[in-house]
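As structure tokens, the structure follows; a few thoughts come after it.
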Ligand SMILES: [Zn+2]
Ligand SMILES: [Zn+2]
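Residue numbers (my numbering): 3 to 407.
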């Protein structure tokens, strides 16, 4: 047994529970993390070399597997995508000795190696040679990039190399890419999105989200970048729906629809139903109904509709304008989200007898409309003024420093 095999055996038998990070000082912890990553990189390099040798000798055949990839998915329990990337790296790495050496030294990780080996195909190596770029130079340039950059920027460097040697190839890589978006509602509440886009489609979505994200950012915003992107996507769609320029659906304007029992609408508890996302609480339904048109369907004991009526609970253009002139932006303490992003909130909800009027209306951005309905914050306007006060659920007022209440 070679010494490497026995070392691997020992590492595989190490129990991470015997290692207590609490025993390490902060400085040691900061040293341990990159050290561990170097060790992982070196072990990944060992695995890649084993896969290369195993593939050459067709060792998978003895286990009844047709390819090294299927053997890896079965015996190492890798995903299909992981096994494909590993086999590709194993096959192409020997032709890039600099990258192979950096991997063996732990200086680059498996993500770096996968990005480079996916881009440097045999056809492109040939195209580069025709253009007078030899593989040794490519190896040197991309390895240098991988040594100093993260995997994402290494991928960009690899794509620049592809663009240089094989512009049509770059086109091939991106032109045929389908744009895929899947949405699935779940019993737990969240709606899951999975998607991938071609570079131009992705850039388009990114530019639109960026515009919404930069359009307004409240002071003291602690949302992560991912949370801000999520909010921006919803805001973009809200504005598209409100703008009324989307195609109609079965003769009606595209909009968010909520179905709810009339009694539940004014009840403390209860739930309503969104056709796609599923059940929501009564309070969330009241928020959605706060600035909405309402279709009342009276059903008989058999559940069949007896009467259908329409009521407008959206502020009319005149009322909305008057409220916008008075409030200018979201009235929640410290928020200055522009009027165009705001709902007209009924201070006393219409389900509880509140009227749709300038006096009973207030501009609230989606976030703070949610805070007021579901979060139990409240807002009140000093009578006869345009001055709003915001109160926490415990009744204390939120005061903005440097501004008199
Ligand atoms: Zn409201
Ligand atoms: Zn706001």
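All C-beta atoms, glycine included, are put in the ideal place defined by N, C-alpha and C. It should be emphasised that the depicted structure is a prediction, and the values quoted were computed from it without experimental measurement.
Note the first and the last residue of the continuous beta strand (DSSP E) segment covering residue 383. Counted as a single uninterrupted DSSP element, the beta strand (DSSP E) harbouring residue 383 occupies residues 380–383.
Please determine whether the Cβ atom of residue 374 lies at a distance below 7 Å from any heavy atom of ligand 1. Yes, the beta carbon of residue 374 sits closer than 7 Å to at least one heavy atom of ligand 1.
Residue span of the beta strand (DSSP E) that contains residue 295, given as start and end: Bounds of the beta strand (DSSP E) holding residue 295 are 295–301.
Completely contained alpha helix (DSSP H) runs for the segment 56–129, where each covers 4 or more residues: Entirely contained in the segment 56–129, the alpha helix (DSSP H) runs reaching 4 residues are, in chain order, 70–77, 82–94, 99–106, 112–121.
beta-carbon residue 393 near ligand 2 non-hydrogen atom, thresh 7 Å: Checking every heavy atom of ligand 2 against the Cβ of residue 393, none is found closer than 7 Å.
Going by beta carbon distance, what residues of the same chain come within less than 8 Å of residue 378, once the five residues before and after it are set aside? Excluding sequence neighbours, residue 378 sits near 395.
Per DSSP, the bridge partner or partners of residue 185: Bridge partners of residue 185 according to DSSP: 195.
Could you tell me if the beta carbon of residue 292 falls within a distance shorter than 7 Å of some heavy atom in ligand 3? For the structure depicted, ligand 3 is absent and the ligand set comprises only ligand 1 and ligand 2.
Could you check where the beta strand (DSSP E) with residue 155 kicks off and where it finishes? Segment 153–167 is the alpha helix (DSSP H) holding residue 155; no beta strand (DSSP E) there.
Using a 10 Å radius around the Cβ and a threshold of 16 neighbouring Cβ atoms, would you call residue 338 buried or exposed? With fewer than 16 other CB atoms across the displayed protein chains lying within 10 angstroms of its CB, residue 338 is exposed.
Could you tell me the alpha carbon to alpha carbon distance between residue 8 and residue 53, rounded to whole angstroms? A straight-line Cα-Cα distance of about 18 Å links residue 8 and residue 53.
Starting from the N-terminal end, write out each residue whose C-beta falls within a distance shorter than 5 Å of any non-hydrogen atom of ligand 2. Sorted by position in the chain, 332, 334, 337, 339, 367, 370 make up the residues whose C-beta lies under 5 Å from a heavy atom of ligand 2.
Buried/exposed call for residue 292, threshold 16 Cβ in 10 Å: Buried.
Any heavy atom of ligand 1 within a distance shorter than 7 Å of the CB on residue 289? Ligand 1 has a heavy atom closer than 7 Å to the beta-carbon of residue 289.
Once DSSP output is grouped into helix, strand and coil, what is the label at residue 366? In this structure, DSSP gives residue 366 an extended state, which the three-state scheme calls strand.
Beta-carbon proximity check, residue 346 vs residue 317, cutoff 8 Å: Taking 8 Å as the Cβ cut-off, residue 346 and residue 317 qualify as a contacting pair.
Beta-carbon proximity list for residue 216, same chain, < 8 Å, skipping 5 on both sides: Hits under 8 Å: none found.
What residue range does the alpha helix (DSSP H) around residue 227 cover? Taken as a continuous stretch (DSSP letters only), the alpha helix (DSSP H) holding residue 227 covers 227–245.
Below 8 Å, how does it come out for the segment 61–73 and the segment 105–119: are there three or more Cβ pairs, yes or no? For the pair of segments examined, the segment 61–73 was found not to touch the segment 105–119: the number of CB pairs separated by less than 8 Å stays below three.
CB of residue 288 within 8 Å of CB of residue 353, strictly: It is a contact, given that the beta carbons lie within the stated cut-off.
Spatially closest choice to residue 263 from 226, 276, 122, 252, by CA coordinates: When each option's Cα is compared against that of residue 263, the closest is 276.
Would you mind sorting residue 363 into buried or exposed? The rule is 16 or more other CB atoms within 10 Å of its CB. Buried, by the Cβ-count rule.
Note down the Cα distance separating residue 268 from residue 274, rounded to an integer number of angstroms. In a straight line, the C-alpha of residue 268 is about 12 Å away from that of residue 274.
8 Å Cβ shell around residue 284 - same chain, five flanking residues per side excluded: 262, 266, 267, 269, 270, 271, 272, 273, 274.
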